[in-house]
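Using the numbering used here, the letters of the sequence shown map in sequence onto residues 56 to 446. Let me begin by presenting the structure, written as structure tokens, before commenting on it.
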Amino acid sequence: MIPRFRPNLGWGEFKKIFSLTPKSEVQDFEEEFSAFMGQKYARSFSYGRMALYAFLKAHQIEKKEIILPAYTCIVMAHAIEESGNHSVFVDVRKEDLSMDFELLKKAISKETAAIVFTSLYGAPVNLGEVQFIKEHYPHIKIIQDCTHLLNGKSQGKTIAHFGDMALFGLGLSKPVTSVFGGMLTTNDAELIKQIDSVKTHLFSDSVGRGLFKRVYLFLAFVAFWKPFYSVTNFLERYGFIDYFVKLFDVNKIEIPKDSFQNLSSFEASIGRLQLEKFAETAESIQAVTGIYQQGLKVPKIDVTEGIVVSHYNILIKNRESYMESMLSHGIQVGDMYNYSLPELKPYQGHKYLSGHNYSQNVAREIVNLPLCVSESEARRIVELTNKLLQS
Ligand SMILES: Cc1ncc(COP(=O)(O)O)c(C=O)c1O
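So, in structure tokens, the structure goes:
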């Protein structure tokens, strides 16, 4: 069976599960990550969302409005709420799933303290729009959520450089993973001083964390092992491994219990290996992306040239039946995110600039195709998808 995603993990990562990892791995990972992103500083966290949390704390932003797309990962809104601020949502555009610019301008109020620009899937945010906000609202902090666009560029410029900070979630489904974990990058020395102070006061090391993440990665190796994946799929479908795979709750605002732990040296050591082989990962993702782009005759979310996506997406009206048919052919596809934030219980009644409510349409129709497949498997997926959707 082909899984909907599979991290590019190999023997090097497997050996790390059983190796001693010195504490210096964390700093080494941060330094290598900042060099990789071409920024002066990087700081690691337990999760990507905690980079946002720490940033808001570092600037002592409280009881303010933070604007973010209605269509993004719910954990970002949870982090905003947990930091003592309010999330304000803006509908996204059809073309690139970025916030609709006219609605974004309307969403800005005197309570706005920060805007989270989110480059989703293969489409970088529009830097002209970011620049406009910078110039017209210099007091508003700009955060680039580059979780899905690690090396994203727009008109030759690196997206992560266009803001007060960039954040990266480094979970298992991302092209560079540290098992769990997140990163913040910036060029701002003053901000880093404040972030370090927040980290000292609110975050701490945990001996158990490294051990737990080793066990988790070992189980992930088993779960993604080709001959075993059908079992994994079965267990996931019937909720037997929720504890390991459901990393957030769409019905209540919360952050994971281990959020205030520092990244473990074990996770950092995995992240370093992943950075080392990013070129190899990128090459195979781009080859598969090219096959999908050229071959699929269905509505899709275009991937800007040169971008390494974490998910390749198509839009399908009768998603459930397509997903079932693919599964019956041994191919699992994903439906992330299958929600628009303002429609979820915790965020109903929040300020929402809804426009055409395109966020909701995307949530109903999005399908993520597997990327960690061979070129012949990718061609099979294209053929099957075109056939299923034309019949
Ligand atoms: C767009 C986006 N931003 C941020 C995150 C945060 O990631 P984490 O789970 O590491 O907090 C995610 C999670 O995948 C995401 O999809």
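Beta carbons: idealized from backbone N, C-alpha and C, even for Gly. Source: prediction; values computed, not measured.
Have a look at SER79, LEU227 and GLU291 and flag the residue whose alpha-carbon is nearest the alpha-carbon of ASP272.
A small fix is needed here, since residue 272 is Leu in this sequence, not Asp. That would be LEU227, whose Cα lies nearest to the Cα of LEU272.
Can you give me the C-alpha to C-alpha distance between ALA275 and GLN329, rounded to a whole angstrom?
Their Cα atoms are separated by approximately 16 Å.
Classify PHE79: buried if its beta carbon has 16 or more other beta carbons within 10 angstroms, exposed otherwise.
Checking the sequence shown, residue 79 turns out to be Ser, not Phe. So SER79 counts as exposed.
Would you mind listing the alpha helix (DSSP H) stretches within the region 360-438 that are 4+ residues and don't spill past its ends, in chain order?
Counting whole runs of 4 or more residues, the region 360-438 contains the alpha helix (DSSP H) stretches 374-383 and 413-420.
Label THR173 either buried or exposed according to how many other C-beta atoms from any shown protein chain fall within 10 Å of its C-beta, with 16 as the threshold for buried.
So THR173 counts as buried.
Pair within 8 Å by beta-carbon distance, PHE267 and GLY103
With contacts defined by Cβ atoms closer than 8 Å, PHE267 and GLY103 do not form a contacting pair.
Which residue marks the beginning of the alpha helix (DSSP H) containing LYS189, and which one marks its end?
LYS189 -> alpha helix (DSSP H) spans 182-191.
Assuming LYS112 and VAL253 are in contact, meaning their beta carbons sit under 8 Å apart, how far apart are those beta carbons, in whole angstroms?
The Cβ separation is near 5 Å, so the contact holds.
My guess is that TYR284 and MET56 are in contact by the Cβ rule of under 8 Å, so how many angstroms apart are they, rounded?
So it is a contact: roughly 5 Å between Cβ atoms.
Measuring from the CB of GLY224, is there a heavy atom of ligand 1 at a distance below 7 Å?
Ligand 1 has a heavy atom closer than 7 Å to the beta-carbon of GLY224.
Reducing DSSP to helix, strand and coil, say where ILE170 ends up.
Under the three-state reduction of DSSP output, ILE170 falls in the strand class.
Using DSSP's beta-bridge definition, name the partner residues of SER99.
MET238.
Same chain only: Cβ atoms within 7 Å of PHE235, ignoring 5 sequence neighbours per side
If the five residues before and after PHE235 are omitted, its C-beta is found closer than 7 Å to the C-beta atoms of SER101, TYR102, GLY226, LYS268 and GLU322, all from its own chain and listed in chain order.
Simplified DSSP state of GLY93, which is helix, strand or coil:
Three-state result, GLY93: coil.
Under the criterion of a Cβ to heavy atom distance below 7 Å, does MET92 qualify as lining ligand 1?
Checking every heavy atom of ligand 1 against the Cβ of MET92, none is found closer than 7 Å.
Reference ALA178, options GLY345, SER395 and CYS201, closest by Cα
Nearest neighbour of ALA178 by Cα position, chosen from GLY345, SER395 and CYS201, turns out to be CYS201.
Nearest-angstrom Cα separation, counted from ILE436 out to ILE122:
Here the alpha carbons of ILE436 and ILE122 stand approximately 37 Å from one another.
Candidates VAL388, MET92, PRO354 and SER380, of which the one nearest HIS216 by Cα:
By alpha-carbon distance to HIS216, the top candidate from VAL388, MET92, PRO354 and SER380 is MET92.
Rounded to whole angstroms, how far is the Cβ of THR344 from the Cβ of TYR367, which I believe are closer than 8 Å?
Right, the Cβ-Cβ distance comes to about 6 Å (below 8 Å), so this counts as a contact.
Here's a check: name, in chain order, each residue in its chain whose Cβ is nearer than 7 Å to the Cβ of ALA420, leaving out the five neighbours to either side.
According to the sequence shown, residue 420 is Glu rather than Ala. So the qualifying residues of the chain are LEU370, ILE371, LYS372 and ARG374.
If you pair each beta-carbon of the region 305-320 with each one of the region 257-264, do three or more pairs fall below 8 Å?
Result yes; three or more Cβ-Cβ pairs closer than 8 Å.
Beta-bridge pairing of GLU331 - partner residues as DSSP gives them:
Bridge partners of GLU331: none, in fact.
Say the cut is 7 Å; is the CB of VAL364 nearer than that to a heavy atom of ligand 1?
It does not: the Cβ of VAL364 is nowhere closer than 7 Å to a heavy atom of ligand 1.
Within the same chain, show all residues whose beta-carbon is closer than 6 Å to that of ALA168, passing over the 5 residues directly before and after it, in chain order.
Around ALA168: ILE116 and LYS119.
Can you tell me whether PHE88 is buried or exposed? The criterion is at least 16 other CB atoms within 10 Å of its CB, across all chains shown.
By the 10 Å Cβ count, PHE88 comes out buried.
Nearest chain B C-beta to GLU379 closer than 8 Å, yes or no?
Reference to chain B is not applicable here, since this structure consists of a single protein chain.
Continuous alpha helix (DSSP H) stretch holding LYS248: start and end:
244-257 is the span of the alpha helix (DSSP H), which, as asked, contains LYS248.
Delimiting residues of the alpha helix (DSSP H) encompassing LYS161:
Counting along the chain, the alpha helix (DSSP H) containing LYS161 begins and ends at 156-162.
Kindly examine ligand 1 and report whether one of its heavy atoms sits closer than 7 Å to the Cβ of GLY385.
Answer for GLY385: no, Cβ out of range of ligand 1.
Which of the three DSSP states is assigned to ALA221 in this structure?
Residue state, collapsed to three classes: strand.
Report buried or exposed for PHE73, applying the criterion of at least 16 other Cβ atoms within 10 angstroms of its Cβ.
By the neighbour-count criterion, in which a residue is buried when 16 or more other Cβ atoms sit within 10 angstroms of its Cβ, PHE73 is exposed.
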